[in-house]
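Data first, discussion second: the structure below is written as structure tokens.
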């Protein structure tokens with residue numbers, strides 16, 4: 851048995867996914883939680899992140915005050931929750947998929963060729 | 851010291867964040883990676899997830915074939931990468947923030963009151 | 851001179867664009883209205899449209915009641931306002947661009963080949 | 851009867867809506883075009899606009915070159931097409947809705963109180 855004293859941040863994504871599954875089951879919400887609908891909810895939550903940054907300069911976005919950071923943190927949590935839920939439904943391991951994608955990106959964007967440039971990799975071909 | 855043999859899925863989000871930080875530094879891309887810009891990139895990647903589901907029925911979205919699942923997996927990875935990068939820049943612990951938000955949601959949406967209904971919690975007040 | 855009695859719906863997009871230009875100028879908001887920022891604001895408003903539909907079935911989305919339709923109408927207005935503002939800034943004629951795109955789409959998706967299928971045109975090549 | 855020689859930009863949104871209706875009917879695509887699905891497609895197209903601006907500075911976004919402007923123009927057209935289609939399905943007059951919303955905004959953000967500030971109107975209350 852898992853001791854409740856261990857904080858989630860040390861337990862990881864699988865535990866969060868299990869808890870979200872239970873949360874939906876307890877409320878009979880699985881019927882609403884098709885991957886299609888969850889992808890929509892994810893996009894809505896990400897837009898709430900974007901909303902915090904839309905009128906800020908890039909520099910201001912690097913210097914959020916404590917209150918603003920707290921608000922953004924809640925929006926990041928919402929987006930993360932739906933992303934984990936969607937990955938769980940599709941049986942996708944987010945960390946493994948990210949690691950795989952990073953390896954692709956490291957090949958696509960060799961550091962010595964793209965240094966300091968934001969051009970998309972296709973433009974290097 | 852961490853042995854490289856341990857797969858990322860067992861190491862967690864902090865390791866991914868560190869690797870993304872290094873990836874950007876190696877390419878001198880920190881200047882492009884303002885939280886404002888990363889929030890935009892995150893929204894673009896999430897739209898690429900949505901694109902896979904836009905013309906599917908909810909039922910079809912629950913039954914992706916192997917190829918489609920592989921494609922969606924790459925888009926989830928991209929979204930996850932930008933979400934982890936943004937959280938890292940803002941010094942936000944995604945798992946702790948998600949746990950906190952889940953506790954709020956459990957209070958907002960008591961299972962015995964909202965069972966089977968998708969109404970937003972405000973409509974219950 | 852234009853008589854104010856003519857409703858905007860008969861005057862068109864150019865008049866709306868002019869009015870939005872004046873609205874921003876009166877508030878000294880042009881400095882916030884870079885195309886980059888307006889694109890973000892547009893995406894946020896479109897997410898507010900999506901939010902209305904995320905937990906509805908497709909059928910329910912075809913049968914909005916009067917109140918819901920009024921709410922969605924305001925979100926459509928917000929999205930349209932930012933789209934017109936962005937097109938005006940970039941000196942793009944929305945109706946001409948749409949007409950041009952429609953002609954492309956009519957060639958890409960010949961009615962007799964794609965009837966009843968939602969496959970993307972690339973999959974027909 | 852309307853002469854085909856009149857360019858669409860002088861005919862307006864209603865004509866575009868009618869043409870989109872016909873386009874969908876000719877392909878038997880109405881079944882895919884629920885307002886739910888169209889809202890998703892709209893959000894995907896808007897993300898393609900955002901993608902053009904994500905790594906640009908605000909200043910760069912004000913100075914797109916001719917090629918880039920041509921690309922963005924096509925994305926604006928796609929977004930406009932889905933916005934017009936959605937409004938048509940919901941029987942919403944985009945220009946009238948925008949005019950109504952502008953009047954609300956003029957009351958919410960009095961020019962003499964908000965000049966030069968991007969704070970949201972709620973923060974003025």
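Protein chains in written order, with this note's numbering: chain A, 851 to 975; chain B, 851 to 975; chain C, 851 to 975; chain D, 851 to 975. Just so it is clear, CB atoms sit at the ideal spot from N, CA and C, and this is done for glycine as well.
> Can you list the alpha helix (DSSP H) stretches of 4 or more residues lying completely in the region 872-942 of chain B, in chain order?
Replying inline: For the region 872-942 of chain B, the full-length alpha helix (DSSP H) segments reaching 4 residues or more read 885-903, 908-911 and 916-939 along the chain.
>> With three or more beta-carbon pairs closer than 8 Å as the criterion, would you say the region 895-913 of chain B touches the region 865-881 of chain B?
In response: Judged by Cβ distances under 8 Å, the region 895-913 of chain B makes no contact with the region 865-881 of chain B, as fewer than three pairs qualify.
> Helix, strand or coil: how does DSSP classify residue 968 of chain D here?
Replying inline: As a working note, residue 968 of chain D is residue 118 in the fourth chain. Of the three classes helix, strand and coil, the one that applies to residue 968 of chain D here is coil, per DSSP.
> So, is residue 939 of chain B buried or exposed, given that buried needs 16 or more other C-beta atoms within 10 angstroms?
Replying inline: Position 89 of the second chain, counted from the start, is the residue given in the question as residue 939 of chain B. Under this definition residue 939 of chain B is a buried residue.
> So which of D:961, D:889, D:882 and D:921 has the shortest CA-CA distance to residue 929 of chain C?
Replying inline: Position 79 of the third chain holds residue 929 of chain C. Per the Cα distances, D:889.
> Between residue 952 of chain A and residue 964 of chain A, what straight-line distance do the alpha-carbon atoms span, to the nearest angstrom?
Replying inline: Within the first chain, residue 952 of chain A is the residue found at index 102, counting from 1. Within the first chain, residue 964 of chain A is the residue found at index 114, counting from 1. Cα to Cα, residue 952 of chain A sits roughly 15 Å from residue 964 of chain A.
> Taking the alpha carbon of residue 956 of chain A as the point to measure from, which residue in B:933, B:869 and B:956 has its own alpha carbon closest?
Replying inline: Within the first chain, residue 956 of chain A is the residue found at index 106, counting from 1. Selected option, being the one with the closest Cα: B:869.
> Who are the near neighbours of residue 896 of chain B in its chain, counting only those whose CB is closer than 7 Å to its CB and skipping five residues on each side?
Replying inline: What you label residue 896 of chain B is simply residue 46 of the second chain in a count that begins at 1. If we look at residue 896 of chain B and ignore the five residues flanking it on each side, its Cβ neighbours are 929.
> Hey, would you say residue 945 of chain D sits closer than 8 Å to residue 892 of chain D, going by beta carbons?
Replying inline: In the fourth chain, counting from the first residue as 1, residue 945 of chain D sits at position 95. In the fourth chain, counting from the first residue as 1, residue 892 of chain D sits at position 42. For residue 945 of chain D and residue 892 of chain D, no; Cβs fall outside 8 Å.
> Between the region 879-895 of chain B and chain D, which residues of the former have a C-beta closer than 8 Å to a C-beta of the latter?
Replying inline: 882, 887, 890, 891, 893 and 894
> How would you label residue 881 of chain A, buried or exposed, when you count the other beta carbons within 10 angstroms and need 16 or more for buried?
Replying inline: The residue labelled residue 881 of chain A in the question sits at position 31 within the first chain. In the assembly as shown, residue 881 of chain A is an exposed residue. Its beta-carbon has fewer than 16 other beta-carbons within 10 Å.
> Can you find a CB in chain A that lies within less than 8 Å of the CB of residue 938 of chain B?
Replying inline: Residue numbering aside, residue 938 of chain B sits at position 88 when the second chain is read from its first letter. Chain A contact via Cβ: absent.
>> As a quick exercise: from D:954, D:948 and D:967, pick the residue whose alpha carbon is nearest that of residue 862 of chain C.
In response: Within the third chain, the letter at position 12 stands for residue 862 of chain C. Of D:954, D:948 and D:967, the residue nearest in Cα terms is D:948.
> Looking at the C-beta of residue 904 of chain A, does it have a partner C-beta in chain C at a distance below 8 Å?
Replying inline: By one-based count along the first chain, residue 904 of chain A stands at place 54. Chain C has a Cβ within less than 8 Å of the Cβ of residue 904 of chain A.
>> When you compare the CB of residue 968 of chain B with every CB in chain C, is at least one pair closer than 8 Å?
In response: Here residue 968 of chain B corresponds to residue number 118 of the second chain, with the count starting at 1. At a cut-off of 8 Å between beta carbons, residue 968 of chain B contacts chain C.
> Is it the case that the Cβ atoms of residue 886 of chain B and residue 923 of chain A are separated by a distance below 8 Å?
Replying inline: The sequence position of residue 886 of chain B within the second chain is 36, counting from 1. The sequence position of residue 923 of chain A within the first chain is 73, counting from 1. Cβ distance not < 8 Å, so residue 886 of chain B and residue 923 of chain A don't count as in contact.
> In this structure, does DSSP put residue 949 of chain A in helix, strand or coil?
Replying inline: On the first chain, residue 949 of chain A is found 99 positions in, with the first residue counted as 1. It is helical.
> residue 898 of chain A: which of A:873, A:926, A:932 and A:960 sits nearest, CA to CA?
Replying inline: Position 48 of the first chain, counted from the first residue, corresponds to residue 898 of chain A. Closest option to residue 898 of chain A, Cα to Cα, is A:926.
>> What does the alpha-carbon distance come out to for the pair residue 865 of chain B and residue 966 of chain A?
In response: Translated into the one-based positions of the second chain, residue 865 of chain B becomes position 15. Translated into the one-based positions of the first chain, residue 966 of chain A becomes position 116. Straight-line Cα distance between these residues: approximately 24 Å.
>> Can you pull the chain B neighbours of residue 919 of chain A, defined as C-beta to C-beta under 9 Å?
In response: The residue labelled residue 919 of chain A in the question sits at position 69 within the first chain. Ordered by position in chain B, the residues that pass the 9 Å Cβ test against residue 919 of chain A are 940, 941 and 942.
> For residue 874 of chain C, which residues in chain A fall below 8 Å Cβ to Cβ?
Replying inline: The sequence position of residue 874 of chain C within the third chain is 24, counting from 1. Chain A residues near residue 874 of chain C: none, gap ~12 Å exceeds 8 Å.
>> Applying the 10 Å Cβ sphere with the 16-neighbour rule, what's the burial state of residue 975 of chain A?
In response: Position 125 of the first chain, counted from the start, is the residue given in the question as residue 975 of chain A. With a pLDDT of 45 at residue 975 of chain A, under the threshold of 50, the predicted position of this residue should be treated as unreliable, and no value is reported.
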